[in-house]
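All remarks here apply to the structure that follows.
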Amino acid sequence: VSERPRRKQLSTNDGDVVKATNFALEEIRKLTDSYRDMRVNAVLSAESARSAFADGTNYFLKLELQCTSVCAAPLSPASTCRRGNYKGVNEVIVFWKDDDHYDGIAIDEFPQMDGEYHPCTPSYKGSEKCNPAEHRTPEQAALFADEPRSEL
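Just so you know, we're using our numbering here: the sequence shown kicks off at 51 and counts up by one.
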């Protein structure tokens with residue numbers, strides 16, 4: 051049985067930690083429209099260790115995250131955007147491969163907004179009405195062709 055890779059404590063200002071933190075934030079923002087305005091208030095701790103398969107380095111970050119979600123347009127087509135606020139501490143692992151690229155992240159739990167879903171999401175159950183046109187991307191608007199077509 052091989053030994054688990056040992057973690058090394060890193061400065062939260064270390065250049066590799068800053069790059070890993072920025073990558074983690076970019077990836078978290080991609081998870082849902084609710085996280086578009088997520089930010090890192092502080093890197094509380096950082097460690098690194100060789101990956102279990104010895105093909106890269108894992109960065110273990112403890113991040114204070116904060117977000118106010120208004121679900122501003124445009125929303126993605128199958129959005130689960132939830133309005134509200136989040137502030138909390140999350141543990142994130144960033145996977146760095148030896149061939150010089152980030153491979154992904156793992157997060158201990160998904161940040162939960164304290165408000166309700168946006169009316170244009172499938173999960174919304176309230177009485178507020180959705181105006182889909184105001185939440186379309188330019189690409190979606192082109193598909194829906196809001197203007198009447200003339201016959202050929």
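Glycine residues also receive a C-beta, built at the ideal position from the N, C-alpha and C atoms.
Limits of the unbroken alpha helix (DSSP H) element including residue i
i: L75; result: G65 to L81
Nearest-angstrom Cα separation, counted from residue j out to residue i
i: V120; j: L60; result: 35 Å
i: I157; j: D66; result: 19 Å
i: R54; j: A102; result: 7 Å
i: E189; j: T171; result: 19 Å
i: A74; j: K175; result: 32 Å
i: Q116; j: D150; result: 29 Å
Check whether residue i and residue j have beta carbons under 8 Å apart
i: S173; j: T107; result: no
i: T62; j: A96; result: yes
i: V142; j: L113; result: yes
i: G134; j: M88; result: no
i: W146; j: A70; result: yes
Classification of residue i by the beta-carbon crowding that lies within 10 angstroms, buried from 16 upward
i: N140; result: buried
i: P182; result: exposed
i: L94; result: exposed
i: F160; result: exposed
Delimiting residues of the beta strand (DSSP E) encompassing residue i
i: A205; result: Residue numbering for the chain in the displayed model covers 51 to 202; residue 205 lies beyond these limits and cannot be assessed.
i: A99; result: R89 to R100
i: E50; result: A query on residue 50 cannot be resolved here, the shown segment of the chain reaching from 51 to 202 and no further.
i: T62; result: Premise fails: T62 is in no beta strand (DSSP E) and is neither H nor E.
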